[in-house]
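Just so you know, the sequences run in chain order A and B.
Residue 433 is where the first sequence starts when you use the numbering used here, and the numbers rise one by one after that.
Residue 57 is where the second sequence starts when you use the numbering used here, and the numbers rise one by one after that.
Every residue gets a Cβ at the ideal spot worked out from N, C-alpha and C, and that includes glycine.
Since the model is a prediction, treat every value here as computed from it, not as a measurement.
Read the structure below first, then the notes.
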Amino acid sequence: MHRLFLVPTLAINAIIILIPAVLTIALAFFRWDGISAPVFIGLANFQSLASDHVFWGALINNIIWTALFLTIPIAIGLLAATLMLVARRGSAFFQVIYFLPMVIATAITARIWQGMIYSPLTGVAGLITRAGFPLPSPLTMTSTALYGIAAVDLWHWWGFLCVIFFAALRQVPQEQIEAARIEGATFWQTMRYVLLPGIRPTITLMMIMTIIWSFLVFDFVYILTQGGPAFSSEVLSTLAYRNAFYDLAVGKAAAVAVVISLFGLATTAVYIRLQAREYAQ
Amino acid sequence: MKRRTFLTASSGALIGAAFVRPGFAQQTKPVTWWYESAAPAQKEAISNVLVDGFDAANPEYKLVIDYRGSELDKQMRVAMLSGSGPDVVYTAGPSYVAPMARAGQLLSLDDYAKKYGWNDRILPVFLEMGRYDGQLFALPKTYETLGLFYNKAVLAKHGWSAPTTIPELEELADEALKANLVPFASGNSGWRGNNEHYVTIALNSIAGPENVYKALKGELPWTAEPFVTAISKLNDWWQKGYFGPNYFSLETEQFFAQLAAGNSPMLPSGTWHFQYISTYMKDNPEDLGFVGFPSAANIGAPVYALGVGSTLSIAASSQNPDGAAAAIDYVFSPKFYGEMNSVWQGEWNTPLVDLSTVKISDSVPALYAQTMKTLADAVAANSYGYTSWTFLPPATDTQLINGIEEVWLGRASVADYLAKLDATFKQDMSEGKVPAVPAR
């Protein structure tokens, strides 16, 4: 009888996730303009992607993005959270400050950076250039566009991780921290041997989610550069969007979506395995 | 108000509403129309001129405009697929009409064309562009062209004159660079589609409209020599710095302001820029000049590339197709043309055959009327060119827009760019996605 309680959740999941997912996978094997009847074409969409340099460029950009977000915001977040734990005074205030960018809509954050920071006319970059120190907008160069976007997302993102890590650190038994202090452990030793092991499950979860989210990144890229210039900041999700809504190639877009999902699935599998191992221990 | 009085009054109002409502609904049937984004002044113009004008002229209908923003075409496609779209279907151009017509999502307009006399009132070229399988499915909401805006004051200050040939244009641009000016006010931040304005200019003014026509009909590959020459020339202009260092940072209004402020002598783009005069050149509108973009020596006269930025159709699922047809007909009336173009230039230039009865406000720059007349004459004489957003299928157009950045930034050669353009076009053509191209 109690299994009936699962029915509403399963029904919602089937309607919202399972059916669209199955349809997307099926569409990857069709040619469809989103309007007329789909035509089955086998693996042609995947073959087309394999020979498209823009697809490979987008995939590499997603990998770079993942590497950036697995390191920089997690390192900054951990450091700031630990400092707040050590020096408790003002931690509530700093939590609010760090978390603030997270509550601003991404579209607004992106437009603020575009207009007030990067713009050569109305931004800080323009001000510095006019002062005699040429500083081009990173969004306008192929070598820096992706990093320019990542900088905006990092600014918006690391505070969230910091607050999550701080909440987890507060659950580490105070006795362990005190004991380490009495034993003469330095700040870094306390972090290395007491705090980080204490919040390892949280860090693992955040890293797994970072990988999944990194392959879904869309909003900042689309608003700031739309994948340009010259596809240099194209990621898989913007490529899928362009295929579906500009090229009217929904089947090809579905094929890109399948590739994105494969990365998400692989990451989820790793996470489940890690969790299972922890339970076993 | 006492409780009993309140209840009595409320009941009376409810009963009254119950009797009045059906009568009201019979008298005014809604006509729904989803519109893209519009600035406050433009919304006011739509409300005053279109909605109020139509409602007054058609008391049996009530026009309801719903602003859907810049993602209108995506929302429209999804809504049309589910049969829940508006009565008046506003598309981003003829290339979006064919797939909808093929899928049976649009109503044939042939009967309404007969009823309202559209075949006699609208320039034939545009009727031909709205046909699919011999039936009329769309009418252009506006038509436009590309050319060269210039700042007369800047030219006069430096002793320059408006260019009439490509060598003159290059000489002027080189002089502008020496004077620390950006030769072409231009940019694509916020709308990468701006790239295609420059590619369209190069294809028509250097390769020539005859060659573009042949390519659109599949009779000449996009890798042919005239197109290589055209794109190579465009690339030369980019490499020489004609488009300036901030191309990827400037939005449309910002680079128009650059022209207005005298930081650029020229602005190669479309006639829709006339709408910015009232904002950026309200004190000196006479400083703005416009000429056809100079053509290569073998082409001669400037080519006016014909563009249709948006079209109007009726949804097959419409609950009020007659009302939608009445609304479209109102847009094609001389009265509406005159009133709307008096307050908002460049976006409601409907292709009427006879403009003699149109009355436009004296406050509208004469340059706008002259330019539109020149374009209308070019269309009537069958000597127009082809804009990419009107005549290319969607995937080819995307490659044309995005691929040119790879050429400019050294990530692809001109040959590679055109080869990919040609391959994409052939694929689109094999799938029947190329929009109708009127015979020359």
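Coil, strand or helix - B:Thr308 by DSSP: helix
Per DSSP, what kind of secondary structure is B:Thr220 in: helix, strand or coil? coil
Give me the subset of the stretch 474-491 of chain B whose CB atoms are less than 8 Å from a CB atom of chain A, sorted by chain position. Glu487 and Lys489
Listed by chain order, chain B residues near A:Gln658 by CB distance under 8 Å: Arg248
Can you tell me the Cα-Cα spacing of B:Arg77 and B:Thr84, whole angstroms? For B:Arg77, the predicted model reports a pLDDT of 45, less than 50, meaning its position is unreliable; a value from the coordinates is still stated below. Roughly 11 Å separates the two Cα atoms.
Since B:Lys85 is in the beta strand (DSSP E), which residue starts that stretch and which ends it? Lys85 to Tyr91
Using the Cα positions of A:Leu475 and A:Phe461, report the straight-line distance between them to the nearest angstrom. 6 Å
For the stretch 163-233 of chain B, list the alpha helix (DSSP H) runs that are entirely contained and at least 4 residues long, ordered along the chain. 166-172, 174-177, 180-185 and 208-214
List the residues of chain B whose Cβ lies closer than 7 Å to the Cβ of A:Thr572, in chain order. Phe304 and Ser305
Between the alpha carbons of B:Gln375 and B:Ile457, how many angstroms are there, rounded? 38 Å
Answer yes if the stretch 340-347 of chain B comes into contact with the stretch 201-216 of chain B, meaning at least three C-beta pairs across the two stretches below 8 Å, and no otherwise. yes
Same chain, Cβ closer than 8 Å to B:Gly125, five either side skipped, listed in chain order: Glu92 and Ser93
Return yes when the Cβ of A:Ile451 is within less than 8 Å of the Cβ of A:Val690, no when it is not. no
I need the DSSP call for A:Tyr711, collapsed to helix, strand or coil. helix
Unbroken alpha helix (DSSP H) runs of length 4 or more, entirely within the stretch 429-454 of chain B: which are they? 444-447
Return helix, strand or coil for B:Ile122, following the three-state DSSP convention. Reading off the sequence, residue 122 of chain B comes out as Asp, not Ile. Note: B:Asp122 maps to strand in three-state DSSP.
One question on the structure: do A:Leu586 and A:Ile504 come within less than 8 Å of each other, judged by their Cβ atoms? yes
Just to confirm my understanding: we take A:Phe480, look at its own chain, exclude 5 residues before and 5 after, and list those with CB closer than 7 Å. What are they? Note that residue 480 of chain A corresponds to Ser in the displayed sequence, not to Phe. Excluding sequence neighbours, A:Ser480 sits near Lys684.
For A:Met548, count the other beta carbons within 10 Å of its own beta carbon; 16 or more makes it buried, fewer makes it exposed. Which is it? exposed
What whole-angstrom Cβ distance do B:Val490 and B:Pro449 have, given they're in contact under 8 Å? 5 Å
With a threshold of 8 Å, are at least 3 pairs of Cβ atoms found where one atom belongs to the stretch 412-427 of chain B and the other to the stretch 380-396 of chain B? yes
Just verifying my parser: in three-state terms, what is the DSSP assignment at B:Leu411? coil
Going by CA-CA distance only, name the one from B:Gly149, B:Gln426 and B:Tyr442 that's closest to B:Glu266. B:Tyr442
So the beta strand (DSSP E) B:Met322 belongs to, where does it begin and stop? Met322 to Gly326
Tell me which same chain residues have a C-beta within less than 7 Å of the C-beta of A:Pro661, skipping the five on either side of it? Thr572, Thr574 and Ala577
Please name the residues in the stretch 662-688 of chain A whose beta-carbon is closer than 7 Å to at least one beta-carbon of chain B, in chain order. Ala662, Phe663, Arg674, Phe677, Tyr678, Asp679, Leu680 and Ala681
Going along the chain, which residues of its own chain have a beta-carbon closer than 6 Å to the beta-carbon of B:Ala479, five neighbours each way excluded? none
Boundaries of the alpha helix (DSSP H) in which B:Tyr303 is found, first to last residue: Premise fails: B:Tyr303 is in no alpha helix (DSSP H) and is neither H nor E.
What did DSSP end up calling B:Ser369 once you bin it into helix, strand or coil? strand
Does B:Gln375 get closer than 8 Å to chain A when you measure Cβ to Cβ? no
Output the distance between the C-alpha atoms of B:Leu119 and B:Val144, rounded to the nearest integer angstrom. 10 Å
Give the interface partners of B:Lys234 over in chain A, defined as CB-CB distance under 9 Å, in chain order. Chain A residues near B:Lys234: none, gap ~20 Å exceeds 9 Å.
Taking all protein chains shown into account, decide if A:Pro552 is buried (16 or more other Cβ within 10 angstroms of its Cβ) or exposed. buried
Write down every uninterrupted run of the alpha helix (DSSP H) in the stretch 435-523 of chain A whose length is 4 residues or greater and which is fully enclosed by it, in chain order. 438-445, 451-459, 476-482 and 485-518
Name, please, each residue of chain E whose Cβ falls closer than 7 Å to the Cβ of B:Thr454. Annotation note: the requested chain E is absent from the structure, which comprises protein chains A and B.
If B:Asn260 sits next to B:Val359, beta carbons under 8 Å apart, how far is it from one beta carbon to the other, in whole angstroms? 4 Å
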